[in-house]
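Protein chains: 2
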Amino acid sequence: MTDIRPGSVTLKDLAAELGLHPSTVSRILHGKADAARGAAAPATAQRVRDLAKKVGYSPDPQATSLRTRRTHLLGVIVPRLSDLVLAVMYEGIDEAADDANYSTFVMNSRDDTAIQRRKMEIMLSRRVDGLIIGDAHLDGDILTDLTERKVPFVLMNRAVPGFASATCDDTLGGALVAQHLWDQGHRVVSVIAGEPYASTAVDRTHGFVSRFRALGGTIPESAIVWSRFDTTGGRTAADGILRDEDRRPSAIFAVNDFAAIGAMGAANSHGLLVGRDVAIVGFNDTSLAAQLPIALSSVRSPMLDIGRVAVKLLLRVINGDAVESVQLTPVLCVRDSSDFAWAAS
Amino acid sequence: MTDIRPGSVTLKDLAAELGLHPSTVSRILHGKADAARGAAAPATAQRVRDLAKKVGYSPDPQATSLRTRRTHLLGVIVPRLSDLVLAVMYEGIDEAADDANYSTFVMNSRDDTAIQRRKMEIMLSRRVDGLIIGDAHLDGDILTDLTERKVPFVLMNRAVPGFASATCDDTLGGALVAQHLWDQGHRVVSVIAGEPYASTAVDRTHGFVSRFRALGGTIPESAIVWSRFDTTGGRTAADGILRDEDRRPSAIFAVNDFAAIGAMGAANSHGLLVGRDVAIVGFNDTSLAAQLPIALSSVRSPMLDIGRVAVKLLLRVINGDAVESVQLTPVLCVRDSSDFAWAAS
DNA sequence: GTTTGCTACCCAATCGTTTGGGTAGTGAGG
DNA sequence: CCTCACTACCCAAACGATTGGGTAGCAAAC
Numbered sequence: 341m342t343d344i345r346p347g348s349v350t351l352k353d354l355a356a357e358l359g360l361h362p363s364t365v366s367r368i369l370h371g372k373a374d375a376a377r378g379a380a381a382p383a384t385a386q387r388v389r390d391l392a393k394k395v396g397y398s399p400d401p402q403a404t405s406l407r408t409r410r411t412h413l414l415g416v417i418v419p420r421l422s423d424l425v426l427a428v429m430y431e432g433i434d435e436a437a438d439d440a441n442y443s444t445f446v447m448n449s450r451d452d453t454a455i456q457r458r459k460m461e462i463m464l465s466r467r468v469d470g471l472i473i474g475d476a477h478l479d480g481d482i483l484t485d486l487t488e489r490k491v492p493f494v495l496m497n498r499a500v501p502g503f504a505s506a507t508c509d510d511t512l513g514g515a516l517v518a519q520h521l522w523d524q525g526h527r528v529v530s531v532i533a534g535e536p537y538a539s540t541a542v543d544r545t546h547g548f549v550s551r552f553r554a555l556g557g558t559i560p561e562s563a564i565v566w567s568r569f570d571t572t573g574g575r576t577a578a579d580g581i582l583r584d585e586d587r588r589p590s591a592i593f594a595v596n597d598f599a600a601i602g603a604m605g606a607a608n609s610h611g612l613l614v615g616r617d618v619a620i621v622g623f624n625d626t627s628l629a630a631q632l633p634i635a636l637s638s639v640r641s642p643m644l645d646i647g648r649v650a651v652k653l654l655l656r657v658i659n660g661d662a663v664e665s666v667q668l669t670p671v672l673c674v675r676d677s678s679d680f681a682w683a684a685s
Numbered sequence: 341m342t343d344i345r346p347g348s349v350t351l352k353d354l355a356a357e358l359g360l361h362p363s364t365v366s367r368i369l370h371g372k373a374d375a376a377r378g379a380a381a382p383a384t385a386q387r388v389r390d391l392a393k394k395v396g397y398s399p400d401p402q403a404t405s406l407r408t409r410r411t412h413l414l415g416v417i418v419p420r421l422s423d424l425v426l427a428v429m430y431e432g433i434d435e436a437a438d439d440a441n442y443s444t445f446v447m448n449s450r451d452d453t454a455i456q457r458r459k460m461e462i463m464l465s466r467r468v469d470g471l472i473i474g475d476a477h478l479d480g481d482i483l484t485d486l487t488e489r490k491v492p493f494v495l496m497n498r499a500v501p502g503f504a505s506a507t508c509d510d511t512l513g514g515a516l517v518a519q520h521l522w523d524q525g526h527r528v529v530s531v532i533a534g535e536p537y538a539s540t541a542v543d544r545t546h547g548f549v550s551r552f553r554a555l556g557g558t559i560p561e562s563a564i565v566w567s568r569f570d571t572t573g574g575r576t577a578a579d580g581i582l583r584d585e586d587r588r589p590s591a592i593f594a595v596n597d598f599a600a601i602g603a604m605g606a607a608n609s610h611g612l613l614v615g616r617d618v619a620i621v622g623f624n625d626t627s628l629a630a631q632l633p634i635a636l637s638s639v640r641s642p643m644l645d646i647g648r649v650a651v652k653l654l655l656r657v658i659n660g661d662a663v664e665s666v667q668l669t670p671v672l673c674v675r676d677s678s679d680f681a682w683a684a685s
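Now the structure itself:
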């Protein structure tokens with residue numbers, strides 16, 4: 341390992357040491373097919389590379405990007421990193437960015453428009469090469485601004501019509517759940533739908549509802565409860581749903597695992613055994629789902645891949661290429677929370 | 341808002357527009373008490389500031405740090421951001437860094453020494469002003485290297501003797517749990533101890549064991565099971581513990597909420613009702629704990645504050661000040677999972 | 001014996017800021 | 001009238017890398 345702090349030795353130092361000009365050293369170390377272009381004699385090139393390695397030379401990215409106008413920095417904005425779903429997607433980003441020699445800033449917007457704008461400005465003032473937006477609201481105002489300002493960006497997790505995004509096929513995911521619950525014989529169902537400004541919430545709900553109706557079922561509007569995405573939101577929503585004596589559903593679809601966990605808690609408080617008295621299905625198949633005391637059925641979305649794809653798309657946008665949105669395919673994982681065969685045993 | 345992309349207008353542009361020299365503009369916009377030092381006439385200063393705001397001038401951070409040798413960038417390394425505990429701490433960091441006009445890189449090391457080193461090199465090659473290390477291993481090899489290389493850094497979450505850190509008082513936290521379980525009448529207890537290279541695991545376990553013994557209890561070494569920090573790790577560990585017919589504990593302390601959740605699942609599989617047949621207590625009081633179907637008792641650690649304090653400490657280190665480690669105080673939150681009064685009712 | 005064409009380099013400008021060191025111009029004091 | 005101290009600026013050299021455009025030296029071709 342280099343045991344000195346990066347930055348202690350510059351291109352000029354290397355050049356001086358070897359009696360060369362900095363530009364020559366630069367070409368040797370960073371030139372692409374420069375070797376063919378007669379950049380330097382092979383022997384010299386080797387001397388340079390050897391010394392560079394020996395003294396642990398690492399180019400100053402600030403200087404480089406001052407000159408090249410590229411920072412190799414990406415900005416990532418998410419509602420909150422403490423949302424496991426986004427955290428996992430970020431791991432995918434981290435990995436893919438790393439592979440492409442980019443580094444990333446992440447910031448939390450708490451889904452607050454003012455904060456979104458502020459954080460975006462911070463990232464832009466840092467001169468990021470592009471933005472991955474994980475907290476897009478369906479109204480898309482901010483996105484229109486960004487487009488006008490010619491900032492390269494892509495959406496992740498949540499889609500907005502007209503902008504490139506990397507998402508899960510949420511409509512399909514919702515449909516899978518509807519099919520499953522229908523097959524299990526459920527005819528009275530409710531949806532904990534999430535935040536109406538998020539495409540994830542809207543699409544999953546829509547996919548669920550339309551499939552359920554297509555199968556011949558009925559879902560009144562009142563059975564669709566919009567809520568926060570976290571456990572508390574899920575609990576509150578489920579509380580409301582279960583309190584209604586006139587229409588007590590035998591199954592609840594929560595568009596998010598955390599909301600589902602909250603709903604499980606609520607069911608419990610109402611004296612209902614999840615998986616026997618009421619079925620509950622979540623979304624994302626976060627690592628917790630399978631491990632809960634009563635294992636939670638959930639739609640597995642390829643979160644890591646979504647992050648990775650987002651980076652790939654963004655790099656293409658930065659390169660000036662046109663890109664299309666990517667929708668990754670979800671898979672339903674049925675577990676005890678909605679498996680009546682288990683409850684019957 | 342500025343509706344142009346930052347970077348489109350430079351100091352030189354401003355100067356030219358106003359018939360001033362760039363250096364004058366620089367002093368006006370960024371000088372501290374320069375006003376007093378006769379930097380510019382008040383009227384001129386105002387003209388400059390007005391124009392800067394009007395055209396949305398924002399200084400190029402690359403150029404600035406090339407000159408000042410300060411990047412206003414902090415590097416944060418965590419085992420994985422998908423660990424809710426670290427994610428929340430990072431939110432604290434994000435917030436505090438933002439307040440101090442710093443931006444942060446976060447990277448995941450998966451607690452793998454090779455990756456830790458690699459990510460650190462990446463951050464250093466980005467010329468971060470300092471590092472917050474959230475994945476320190478007790479052996480501290482990497483930390484010694486960093487110290488020798490004179491890189492400013494502080495530890496977070498996990499402590500290592502001899503280095504400044506921002507942590508929870510884990511020993512106290514463990515002791516609180518021991519006292520609670522003892523008071524509830526538990527005499528046969530087990531510990532799911534976490535990873536032995538993490539101070540969090542070691543200290544919580546140690547705090548627990550020594551208090552329990554001080555109270556007159558016995559805990560054989562075999563009752564302490566080291567495990568991964570996640571749900572799967574907790575489940576496996578608890579499985580082993582509960583399988584032992586000769587010594588079935590009436591209470592289990594898991595040093596981490598996720599491990600505790602896994603343990604709850606295991607208890608369930610063994611036909612035990614958590615809170616009645618077996619008490620389980622976790623650590624960190626993550627947002628899930630209170631919302632679980634059976635609410636989980638847990639030691640609340642001030643995660644957000646730990647992140648904030650880490651930033652404050654680091655900024656002091658960067659400034660060349662000497663700093664002392666900070667230990668924040670945890671609080672025990674008793675819930676159904678270890679409240680026998682509830683189970684009795 | 002020029003010309004041509006390489007090879008293997010060097011030169012200098014440039015990116016946008018910062019900062020130590022000037023310097024005109026003005027008014028007051030001696 | 002000269003000096004002195006301000007005020008309100010300007011100048012130029014950095015910081016570390018990149019890059020378009022040279023150029024010296026040498027061998028082969030004409």
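So the protein lines, in turn, are chains A and B.
Following our numbering, the numbering of the first sequence begins with 341 at its first residue and continues without gaps.
Following our numbering, the numbering of the second sequence begins with 341 at its first residue and continues without gaps.
Cβ atoms here follow ideal geometry from the backbone N, Cα and C, with glycine treated the same way.
Would you decide whether residue i is buried or exposed? Buried here means 16 or more other CB atoms lie within 10 Å of its CB.
i      : result
A:L613 : exposed
B:A600 : buried
B:D479 : exposed
A:T669 : exposed
B:I587 : The sequence shown places Arg at residue 587 of chain B, rather than the Ile named in the question. B:R587 comes out exposed.
A:V671 : exposed
A:H526 : buried
B:V528 : exposed
A:K459 : buried
To the nearest angstrom, how far is the alpha carbon of residue i from that of residue j?
i      : j      : result
B:T650 : B:G502 : Position check: residue 650 of chain B holds Ala in this sequence, whereas Thr was assumed. Taking the straight line from one Cα to the other gives about 16 Å.
A:P490 : A:L483 : Rather than Pro, the amino acid found at residue 490 of chain A in this sequence is Lys. Computed Cα separation, rounded: 10 Å.
A:I462 : A:D661 : 26 Å
A:G432 : A:T558 : 39 Å
B:A630 : A:F598 : 12 Å
A:G408 : B:V542 : Checking the displayed sequence, the identity of residue 408 of chain A turns out to be Thr instead of Gly. The straight-line gap from Cα to Cα measures roughly 49 Å.
A:N448 : B:S638 : 26 Å
A:V595 : B:K393 : 44 Å
A:T444 : B:P346 : 18 Å
B:Y430 : B:G415 : 11 Å
B:R457 : B:D485 : 10 Å
B:Q667 : B:V425 : 16 Å
A:C673 : A:R640 : 7 Å
B:T364 : B:T404 : 16 Å
A:W522 : A:A515 : 10 Å
B:D439 : B:L654 : 14 Å
Compare the C-beta of residue i against all C-beta atoms of chain A and say whether one is closer than 7 Å.
i      : result
B:P608 : For the record, residue 608 of chain B in the displayed sequence is Asn; it is not Pro. Chain A, which has a Cβ nearer than 7 Å to the Cβ of B:N608, makes this yes.
B:R345 : yes
B:M496 : no
B:F569 : no
B:A683 : Since pLDDT at B:A683 reaches only 47, below the 50 mark, its modelled position is unreliable, and the value read off the structure follows with that caveat. Output row for B:A683: interface = no.
B:G396 : no
Specify the secondary structure class of residue i as computed by DSSP and reduced to three states.
i      : result
B:G608 : Per the sequence presented here, residue 608 of chain B reads as Asn, with Gly not at that position. B:N608: helix per DSSP, three-state reduction.
A:R389 : helix
B:A476 : coil
A:G557 : coil
B:F680 : helix
B:L582 : helix
A:S685 : For A:S685, the predicted model reports a pLDDT of 43, less than 50, meaning its position is unreliable and no value from the coordinates is stated.
A:S665 : coil
Closest Cβ-Cβ distance between residue i and chain B: below 7 Å?
i      : result
A:P401 : yes
A:Q631 : yes
A:L582 : no
A:Y430 : yes
Within 6 Å: the Cβ of residue i and any heavy atom of the ligand ZN?
i      : result
A:T484 : In terms of ligand content, the structure shown is empty, and the ligand ZN therefore cannot be addressed.
Report task. Write down every uninterrupted run of the alpha helix (DSSP H) in the stretch 412-467 of chain B whose length is 4 residues or greater and which is fully enclosed by it, in chain order. Result -> Within the stretch 412-467 of chain B, the complete alpha helix (DSSP H) segments of 4 residues or longer fall at 424-439, 453-465, listed in chain order.
Query raised in the report: Which ranges would you report for the alpha helix (DSSP H) in the stretch 517-574 of chain A if only whole runs of at least 4 residues count?
Result: 539-554
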